[in-house]
Structure formats: structure tokens, C-alpha cells
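Enquirer: Dropping a structure here in C-alpha cells format, bear with me for questions.
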Amino acid sequence: MTLERPLSSLEGRCALITGGASGIGLEITRMFASRGARVIVLDQNPEAARNMENVAVASGSVTEPSDVKQAFDVAEETFGPVDVVFANAGVSQNCPTLDLDFEGWRRVMGVNLDGVFLTAQEAGRRMIPRGQGHIILTSSIYGVVAAPERLGYVVSKSGVSAMTKALAVEWAQYGIRVNAIAPGYVRTPFVDDLQARGRLDIAALEKRTPIGRLIETREVAEVAAFLASDASGPITGQIIGIDGGWTAYGYV
Ligand SMILES: NC(=O)c1ccc[n+]([C@@H]2O[C@H](COP(=O)([O-])OP(=O)(O)OC[C@H]3O[C@@H](n4cnc5c(N)ncnc54)[C@H](O)[C@@H]3O)[C@@H](O)[C@H]2O)c1
1 MTLERPLSSL
11 EGRCALITGG
21 ASGIGLEITR
31 MFASRGARVI
41 VLDQNPEAAR
51 NMENVAVASG
61 SVTEPSDVKQ
71 AFDVAEETFG
81 PVDVVFANAG
91 VSQNCPTLDL
101 DFEGWRRVMG
111 VNLDGVFLTA
121 QEAGRRMIPR
131 GQGHIILTSS
141 IYGVVAAPER
151 LGYVVSKSGV
161 SAMTKALAVE
171 WAQYGIRVNA
181 IAPGYVRTPF
191 VDDLQARGRL
201 DIAALEKRTP
211 IGRLIETREV
221 AEVAAFLASD
231 ASGPITGQII
241 GIDGGWTAYG
251 YV
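In UniProt numbering, the protein residues as written are 1 to 252.
Have a look at this one:
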């Protein structure tokens with residue numbers, strides 16, 4: 001009797017995760033590694049992902065083409081060809097538009113948009129010759145709807161959502177799937193930082209969310225694992241909301 005590999009299996013897959021040393025990315029790194037994947041983390045501050053079984057780290061910035069290329073080289077040398085790429089590194093921007101200086105605008109565009117472009121393009125370079133691969137981008141509810149005082153974040157994440165569709169339709173012919181996750185508010189250092197700076201009212205956010213609570217990192221990682229696996233076979237070009245009903249809600 002032969003035992004069939006479940007479509008949801010990540011066993012033996014090689015995944016490269018940017019921003020994989022904190023918050024959502026760290027949870028995905030842990031989950032993928034615990035399910036038999038080998039993971040390379042590209043992060044500008046990768047310490048938290050060091051010394052984990054089946055995980056290697058590359059220190060660098062997604063805004064530097066040479067750092068991105070080097071992370072793929074390290075992944076291939078350490079674990080073999082990269083099957084799954086998760087372009088997840090991102091930064092927040094939360095202030096009135098008239099206070100957003102050009103440097104701040106460039107910073108959020110640099111990480112959230114240039115970094116995702118560089119990561120996805122390098123993934124395509126490696127995956128297209130192999131005729132297979134899954135690319136997942138981290139968008140946000142603010143890549144779908146808008147909020148005041150988050151211009152750079154909303155524009156960059158909307159760009160990530162658009163990039164998901166554009167790459168999906170361009171690379172489907174090569175066997176590559178491209179999807180995005182669009183989380184609502186997830187309890188991470190990213191959210192803790194906004195709360196500490198008085199830029200977020202957690203109780204108000206919970207009240208605004210139909211399920212009445214923030215999202216857990218583990219819940220985001222489960223969706224990422226599904227998208228990274230063959231269980232999500234024909235799904236491509238989709239922005240998958242993980243938002244507790246946030247973007248469906250139209251009442252006051
Ligand atoms: N936390 C939320 O509520 C939430 C909601 C929706 C979307 N997101 C998105 O999810 C992603 C992860 O967010 P998080 O909450 O886990 O954040 P986080 O701050 O906890 O982690 C982000 C990680 O990215 C790394 N990073 C930042 N800039 C980098 C760069 N230039 N190069 C390499 N690494 C870099 C950081 O070192 C950190 O390890 C982001 O794209 C964010 O926009 C977060």
C-alpha cells in the first residue's frame with residue numbers, strides 16, 4: 001500500500017520568508033519549519049529566527065537588490081531550490097498626510113513596495129526556469145480599503161494587491177501562483193509599536209471588527225500554509241482577507 005502525500009503537506013519544501021524574524025513572519029517561519037519545510041529568513045534584524053531547526057537566516061534589507069539576491073543564493077546553497085516565497089517584510093506609516101515628509105513616504109514605499117517587487121522578481125527569476133513555485137505577498141486590509149492618516153501605508157499595500165494580480169496573470173503560464181494575504185489588525189510588535197505611540201486604540205478596533213477581537217498570528221500562518229501548499233492548487237491572483245469581517249462591514 002502506498003501512502004499518498006496530503007496536498008496540504010509542506011514536507012521538504014524550501015521557503016524564503018522576508019521579515020520572518022518577528023510577528024506574522026516569525027509565526028509563519030515557526031509553522032512552516034514545524035511542518036517539515038526548510039526555511040530561509042531574510043530580515044534586517046534576524047536574531048529571533050536564529051538557532052531554529054530547519055531555519056537559516058540571511059541578514060539584509062529587502063530594499064537592497066544584492067541582499068535579496070544573496071538570500072536566494074544562501075537558500076539554494078543551504079536547502080536547494082526555493083519552492084515558496086513569502087514577501088512579508090513591511091513597515092507602518094501612521095500620521096496626518098501634511099506631516100508625512102518625503103523621507104517618510106520614500107521609506108514606506110521602499111520597504112512595502114520596492115522590497116516586495118525585488119523579492120517577487122528574484123523569485124520569478126529562480127522559479128520560471130523550473131516551471132513551478134508559489135509566491136505569497138503580505139498586503140493588508142489597507143490594500144483593500146482606506147483609513148485616514150495612513151496615506152503611504154494604504155498606497156503601498158494597494159500596490160501590493162495590484163502586484164499580486166499582475167504577477168499572477170503574467171506567470172501562470174510558467175506554473176507559478178501568486179496570491180496575497182490581507183490581514184486585519186494582528187497582535188504583533190508592529191501593532192504594539194503603534195499602540196505605544198498612541199496611534200492605535202485597541203478597544204475601538206476590537207469593537208469595529210465583526211468577530212470582536214484582533215487576529216492571532218497563528219490564524220494568519222494557517223492561511224499562509226494553505227496558500228503555500230498544493231491544497232490551494234488553482235487559487236492564484238487572489239487577495240485573501242484574514243480580517244474577522246473588517247472589509248465586509250459597512251455600518252457605523
Ligand atoms: N500586524 C498587523 O496588524 C498587520 C496587519 C496587516 C498587514 N500587516 C503586514 O504584515 C507584515 C508583517 O507585519 P508584522 O506585524 O509581523 O510586523 P513586525 O514589525 O512584527 O515584523 C516585521 C519584520 O520585518 C522586518 N523588516 C522591516 N523592514 C525590513 C527590511 N527593509 N528588510 C528586511 N526586513 C525588514 C523587521 O525586522 C521585522 O522582523 C507587514 O508587511 C505588515 O504591513 C500587519
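From the three backbone atoms N, C-alpha and C, an ideal C-beta is built for every residue, glycine too.
On a predicted model such as this, the values are computed, not experimentally measured, just so you know.
Where do the ends of the beta strand (DSSP E) carrying Leu-10 lie?
Expert: The residue given as residue 10 occupies position 10 in the sequence shown. Unbroken run through Leu-10: none, as it is neither H nor E.
Enquirer: For Ala-89, count neighbouring C-beta atoms within 10 Å of its own C-beta (all shown protein chains included) and say buried if the count is 16 or more, exposed if not.
Expert: Counted from its first residue, the sequence shown places residue 89 at position 89. So Ala-89 ends up on the buried side.
Enquirer: So, is Gln-121 buried or exposed, given that buried needs 16 or more other C-beta atoms within 10 angstroms?
Expert: Taking the first residue of the sequence shown as position 1, residue 121 is located at position 121. By the neighbour-count rule (16 or more Cβ atoms within 10 Å), Gln-121 is not buried but exposed.
Enquirer: When you compare the CB positions of Val-74 and Ile-40, do they come within less than 8 Å of one another, or not?
Expert: Working through the sequence shown from its first residue, we reach residue 74 at position 74. Working through the sequence shown from its first residue, we reach residue 40 at position 40. A contact, by the Cβ cut-off of 8 Å.
Enquirer: Measuring from the CB of Phe-190, is there a heavy atom of ligand 1 at a distance below 7 Å?
Expert: Numbered from 1 along the sequence shown, position 190 holds the residue referred to as residue 190. Yes, the Cβ of Phe-190 comes within 7 Å of a heavy atom of ligand 1.
Enquirer: Roughly how far, in whole angstroms, is the beta-carbon of Asn-179 from the beta-carbon of Thr-236, given that I think they are within contact range, below 8 Å?
Expert: Here the question's residue 179 lines up with position 179 in the sequence shown. Here the question's residue 236 lines up with position 236 in the sequence shown. Yes, they are in contact, since the Cβ atoms of Asn-179 and Thr-236 sit about 6 Å apart, within 8 Å.
Enquirer: At the level of alpha carbons, what is the spacing between Glu-149 and Trp-246?
Expert: Here residue 149 refers to the residue found at position 149 when the sequence shown is read from its first residue. Here residue 246 refers to the residue found at position 246 when the sequence shown is read from its first residue. The straight-line gap from Cα to Cα measures roughly 18 Å.
Enquirer: Is the closest heavy atom of ligand 1 to the C-beta of Asp-73 under 7 Å?
Expert: Sequence index remark: in the sequence shown, residue 73 carries index 73 (1-based). No - ligand 1 has no heavy atom lying nearer than 7 Å to the Cβ of Asp-73.
Enquirer: Please classify Asp-192 as buried or exposed, where buried requires at least 16 neighbouring CB atoms within 10 angstroms.
Expert: Along the sequence shown, one-based indexing puts residue 192 at 192. Asp-192 comes out exposed.
Enquirer: Counting along the chain, where does the beta strand (DSSP E) carrying Asp-43 start and finish?
Expert: Locating residue 43 in the sequence shown gives position 43, counting from the first residue. 38-43 is the span of the beta strand (DSSP E), which, as asked, contains Asp-43.
Enquirer: Looking at the unbroken alpha helix (DSSP H) that takes in Ser-156, where does it start and where does it end?
Expert: By one-based count along the sequence shown, residue 156 stands at place 156. Ser-156 -> alpha helix (DSSP H) spans 151-171.
Enquirer: Work out the CA separation of Ala-168 and residue 255 for me, nearest whole Å.
Expert: Here the chain comprises residues numbered 1 to 252, so residue 255 is not present and cannot be evaluated.
Enquirer: What residues are listed by DSSP as bridge partners for Phe-86?
Expert: Along the sequence shown, one-based indexing puts residue 86 at 86. DSSP output for Phe-86 lists Ile-17, Ile-136 as bridge partner(s).
Enquirer: Residues bridged to Asn-179 by DSSP?
Expert: Position 179 of the sequence shown, counted from the start, is the residue given in the question as residue 179. DSSP lists Ile-136 as partners of Asn-179.
Enquirer: Can you round the beta-carbon distance between Val-220 and Ile-17 to whole angstroms, since I take them to be within the 8 Å contact cut?
Expert: The count along the sequence shown starts at 1 and reaches residue 220 at position 220. The count along the sequence shown starts at 1 and reaches residue 17 at position 17. Between Ile-17 and Val-220 the Cβ distance is about 12 Å, and since that is not below 8 Å, they are no contact.
Enquirer: Can you say whether Glu-27 is buried or exposed, counting buried as having 16 or more other CB atoms within 10 angstroms of its CB?
Expert: As a first step, residue 27 must be located in the sequence shown, where it is residue number 27. Buried.
Enquirer: Could you check whether the Cβ of Val-91 sits closer than 7 Å to any heavy atom belonging to ligand 1?
Expert: The residue given as residue 91 occupies position 91 in the sequence shown. Indeed, a heavy atom of ligand 1 lies less than 7 Å from the Cβ.
Enquirer: Would the C-beta of Asp-99 count as close to ligand 1, meaning under 7 Å from any of its heavy atoms?
Expert: In the sequence shown, residue 99 corresponds to position 99, counting from 1. For ligand 1, not one heavy atom lies less than 7 Å from the Cβ of Asp-99.
Enquirer: Provide the residue(s) that pair with Ala-56 in DSSP beta bridges, ordered along the chain.
Expert: Within the sequence shown, numbered from 1, the residue matching residue 56 stands at position 56. DSSP lists Ile-40 as partners of Ala-56.
Enquirer: Determine the DSSP secondary structure at Gly-237, reduced to helix, strand or coil.
Expert: Translated into the one-based positions of the sequence shown, residue 237 becomes position 237. In this structure, Gly-237 counts as coil in the three-state DSSP scheme.
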